[in-house]
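What follows is one structure encoded as structure tokens, with my remarks underneath.
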Amino acid sequence: MKKNILNNILLNTFFICCLYSSCSILKHKPNGIEKIKPISYKKLIKNINDNNFKFDWLKMKGNVSIGFKGENQNIKGNFRIRNDSIIWVNFSKSSVQILTGLIGKDSIKSLIKYPEKKYFSGTFNELEKMIGAKLSYNLIENLFTGKFIELKNNKKTNVKIKNNKYYFSLENKDGYNNYNSEYWISPNLFKCDSISLYTKNNESNINISYSEWHNMNSQYFPMKVNFNFTSNSDTIRLELKFKEPLKINEKQRFPFKITEKYTPLTFK
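Note that my numbering has the sequence shown beginning at 63, numbered continuously upward.
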């Protein structure tokens, strides 16, 4: 039973967390209190994009904590990324490989290695019909690396200052879901500290927060990512804590092979 629960946790996390992923204008006062200067939406977005984490290859390892349906699991995660091309993930527990995933620009694949050998191979459009969630490669890569995700077809908005951070909200209608999103941007690094996404049609919400920013070659990378997905039927909590050192711009392999031992995964 425990094994099947872990299997379900990983599957749901692997697919649902793919929904969404991922700031210095300070005026110093004599008394040491820093005041954040107002900024336009256009200027803020430019500064955020200018400070996005840039890489060609990236390899990360870390601990993954997952909470789902009252169960908590702690596993190991291995992540490899070729920028704007492919993402490879591998989850294991007690040296036993559990799941390997391969995400391309137009496709998503997974190998469930334990306790049953199952596989999924399809396009993002096919997966959307199965789980009712709209996914894309860029959203998934940005989730792992803390890059800013700006929803399309939005009108410009005003930037406010809340809790010593830049704050703005957006509303998007894409023909499938209506999204309301809220962003909290660090005025020190021009990075997204927190993103909240509310999906009206699905009556669900997602919150992603980034912390423990690590300086890598004069760039900042979030060593800790918290992901919370809540709907009427499920609540999923995911915490990624990456370990140093991260390997940047070192060519990586992405081992993935479906053999006759695996049978197709079906969604009911």
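Virtual Cβ for every residue (Gly too), placed ideally from N, Cα, C.
1. Alpha carbon to alpha carbon, how far is N269 from Y245? Give it in angstroms, no decimals.
2. Given Y229, which residues of its chain have a CB within under 8 angstroms of its CB, disregarding the five upstream and five downstream residues?
3. Using C-beta distances below 6 angstroms, list every residue in its chain close to F304, excluding the 5 sequence neighbours before and after it, in chain order.
4. Alpha carbons only, please: which of L161, K191, D255 is nearest the one belonging to E178?
5. Rounded to the nearest angstrom, what separates N16 and K175 at their Cα positions?
6. Measuring straight from C-alpha to C-alpha, what distance separates I107 and S154?
7. Hey, does K131 have any beta-carbon neighbour from chain B nearer than 8 angstroms?
8. Indicate whether the contact test is met: 3 or more Cβ pairs, each with one atom in the stretch 315-322 and one in the stretch 138-150, closer than 8 angstroms.
9. Under 7 angstroms from any heavy atom of the ligand COA, does the C-beta of K227 make it?
10. Hey, M278 and L308 are a contact pair by Cβ (cut 8 angstroms); roughly how many whole angstroms apart?
11. What is the DSSP secondary structure of D255, counted as helix, strand or coil?
12. Can you give me the C-alpha to C-alpha distance between N204 and T325, rounded to a whole angstrom?
13. Determine the contact status of F117 and N145, defining contact as a CB-CB distance below 8 angstroms.
14. On the DSSP letters alone, give me the boundaries of the beta strand (DSSP E) that T207 sits inside.
15. Can you tell me whether I170 is helix, strand or coil according to DSSP?
16. In chain order, which beta strand (DSSP E) runs of at least 3 residues are fully inside the stretch 255-310?
17. What residues are listed by DSSP as bridge partners for I247?
18. Can you tell me where the alpha helix (DSSP H) holding I110 begins and where it ends?
19. What is the C-beta distance between I211 and L189, in whole angstroms, given that I count them as a contact (C-beta under 8 angstroms)?
20. Going by alpha carbons, who is nearest to N140 out of G129, N134, E233, V158?
21. Between K104 and K191, what straight-line distance do the alpha-carbon atoms span, to the nearest angstrom?
22. To the nearest angstrom, how far is it from the Cα of L120 to the Cα of N113?
If we stick to the structure as given:
1. Looking at the backbone, the Cα of Y245 and that of N269 are separated by about 10 angstroms.
2. Answer for Y229: V221, K222, I223, E244, Y245, W246, I247, listed in chain order.
3. Close CB contacts of F304 within its chain, under the 6 angstroms cut and outside five residues either way in sequence, are with M122, G124, M285 (chain order).
4. E178 has its Cα closest to that of L161, out of L161, K191, D255.
5. For the chain, the structure presents residues 63 to 330; residue 16 sits outside this window and is missing.
6. Going by the C-alpha atoms only, they are around 38 angstroms apart.
7. Although the question refers to chain B, the structure presented lacks it and comprises just one protein chain.
8. The stretch 315-322 is in contact with the stretch 138-150.
9. For the ligand COA, the structure offers nothing, since it holds no ligand at all.
10. Their Cβ separation, rounded to whole angstroms, is 6 angstroms, which keeps M278 and L308 in contact under 8 angstroms.
11. When secondary structure is reduced to three states using DSSP, D255 falls in the strand class.
12. Here the alpha carbons of T325 and N204 stand approximately 31 angstroms from one another.
13. The answer is yes: Cβ separation under 8 angstroms.
14. First-last for T207: 199-207, but that is the alpha helix (DSSP H), not the beta strand (DSSP E).
15. DSSP places I170 in strand when its eight states are reduced to three.
16. Counting only runs of 3 or more, we get 266-278, 281-292, 297-310.
17. DSSP, once it has assigned bridges, lists Y228, C254 as partnering I247.
18. That run of the alpha helix (DSSP H) goes 103-112.
19. Rounded to whole angstroms, the Cβ separation of I211 and L189 is 19 angstroms, and the two are not in contact under 8 angstroms.
20. Selected option, being the one with the closest Cα: V158.
21. Near 35 angstroms, if we compare the C-alpha coordinates of K191 and K104.
22. Distance between the alpha carbons of L120 and N113 is about 17 angstroms.
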